[in-house]
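Following: one structure in structure tokens, then a few remarks.
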Amino acid sequence: MEPDTQTYTCAMVPPAPVTLDRREGPFGEIVLRERGEHFEIIANGCFLMDTSDGRSERLLIDAALGALPAGRTGPSVLIGGLGVGFSLVRAAEEERWGRIVVVEREQAIVDWHRRGPLDRISGAALADPRTEVVHTDLVAHLRTATERYDALCLDIDNGPDWTVTEDNGSLYSPTGLAHCHDRLTPGGVLAVWSAQPSPAFEQALRNAGFSGVRTEEVAVARGVPDVVHLASRSH
Numbered sequence: 019m020e021p022d023t024q025t026y027t028c029a030m031v032p033p034a035p036v037t038l039d040r041r042e043g044p045f046g047e048i049v050l051r052e053r054g055e056h057f058e059i060i061a062n063g064c065f066l067m068d069t070s071d072g073r074s075e076r077l078l079i080d081a082a083l084g085a086l087p088a089g090r091t092g093p094s095v096l097i098g099g100l101g102v103g104f105s106l107v108r109a110a111e112e113e114r115w116g117r118i119v120v121v122e123r124e125q126a127i128v129d130w131h132r133r134g135p136l137d138r139i140s141g142a143a144l145a146d147p148r149t150e151v152v153h154t155d156l157v158a159h160l161r162t163a164t165e166r167y168d169a170l171c172l173d174i175d176n177g178p179d180w181t182v183t184e185d186n187g188s189l190y191s192p193t194g195l196a197h198c199h200d201r202l203t204p205g206g207v208l209a210v211w212s213a214q215p216s217p218a219f220e221q222a223l224r225n226a227g228f229s230g231v232r233t234e235e236v237a238v239a240r241g242v243p244d245v246v247h248l249a250s251r252s253h
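Sequence positions in the sequence shown follow this note's numbering and run 19 to 253.
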């Protein structure tokens with residue numbers, strides 16, 4: 019019998035993305051795409067996140083809660099960036115959180131969750147009475163707000179060294195980290211998601227007066243691991 023010389027590997031070829039919505043906002047273009055059974059968010063042509071995994075986004079919440087002082091009841095958490103909703107969903111799944119505030123500057127992302135395809139991910143979490151969505155820029159909110167939180171869980175970029183828009187860079191500056199420090203209660207925790215480790219950012223956290231600075235990693239299929247940078251306000 020002649021060997022079969024035609025071997026098809028179509029199952030291994032990823033499906034082409036389908037654009038579900040594309041908008042121009044004050045910070046540039048924001049796009050929601052569907053690729054097979056997953057969704058992707060693209061900001062200014064830069065891949066931001068998708069729904070294929072979510073372990074590191076959930077770690078962002080779990081690690082912050084685990085780093086809080088023992089015995090703290092009903093802690094409040096501010097989630098910077100709604101994204102595909104994994105961090106919000108994780109927070110809503112945890113009964114120990116008291117108040118859950120999500121700050122999202124892109125109205126398109128809020129719409130995709132409230133009235134669009136991402137509702138299937140976050141619908142229950144958004145309906146949770148503890149959840150509040152604030153449509154504003156995170157950097158401005160941290161600078162102008164007076165409320166303090168027990169945890170800040172920030173995921174608005176691909177990391178401190180890889181920002182989606184130039185304005186986001188100020189969040190990781192000495193001034194931006196000072197605002198984060200001010201928005202935390204004593205013993206409160208800052209958790210920052212990143213697509214790669216950043217020793218320079220760890221040092222910046224120490225320089226800003228944070229204690230207990232450390233990095234937790236989540237291995238990915240290819241390349242360097244996703245990480246969550248953690249730091250605490252000591253006083």
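Cβ atoms here follow ideal geometry from the backbone N, Cα and C, with glycine treated the same way. Owing to the predicted nature of the structure, the values given are computational and were not obtained by experimental measurement.
Using C-beta distances below 7 Å, list every residue in its chain close to residue i, excluding the 5 sequence neighbours before and after it, in chain order.
i	result
threonine 37	Val49 and Arg51
proline 87	Gly205
isoleucine 60	Val49, Arg51 and Leu66
glycine 72	Phe104
proline 243	Glu235, Val236 and Ala237
cysteine 198	Leu160, Leu170 and Leu208
valine 128	Leu100, Glu122, Val151 and His153
arginine 90	Asp168
Do residue i and residue j have their CB atoms nearer than 8 Å?
i	j	result
isoleucine 118	alanine 110	yes
alanine 143	leucine 106	yes
glycine 99	glutamate 122	yes
histidine 56	aspartate 39	no
tryptophan 211	serine 70	no
Kindly list the residues whose CB is nearer than 6 Å to the CB of residue i, restricted to its own chain and excluding five residues on each side of it in sequence; keep chain order.
i	result
tyrosine 190	Pro178
tryptophan 130	Leu50 and Leu136
serine 94	Gly116, Arg117, Tyr167 and Asp168
histidine 253	Pro204
glycine 63	none
Since residue i and residue j should fall inside the 8 Å C-beta cutoff, what is the C-beta to C-beta distance between them, to a whole number of angstroms?
i	j	result
arginine 148	tryptophan 115	7 Å
glycine 101	isoleucine 139	Incorrect: roughly 10 Å between the Cβ atoms, too far for contact.
leucine 78	valine 246	5 Å
Once you ignore the five residues that flank residue i on each side, which residues in its own chain have a CB closer than 8 Å to its CB?
i	result
leucine 223	Leu195, Leu208, Val231, His247 and Ala249
> Is the stretch 191–208 close to the stretch 157–173, with three or more CB pairs under 8 Å?
Replying inline: By the C-beta criterion, the stretch 191–208 is judged to be in contact with the stretch 157–173, since at least 3 inter-stretch pairs fall below 8 Å.
**Item:** Entirely enclosed alpha helix (DSSP H) segments - the stretch 53–108, minimum 4 residues
**Value:** Taking 4 residues as the minimum length, the alpha helix (DSSP H) runs contained wholly in the stretch 53–108 are 73–85, in order along the chain.
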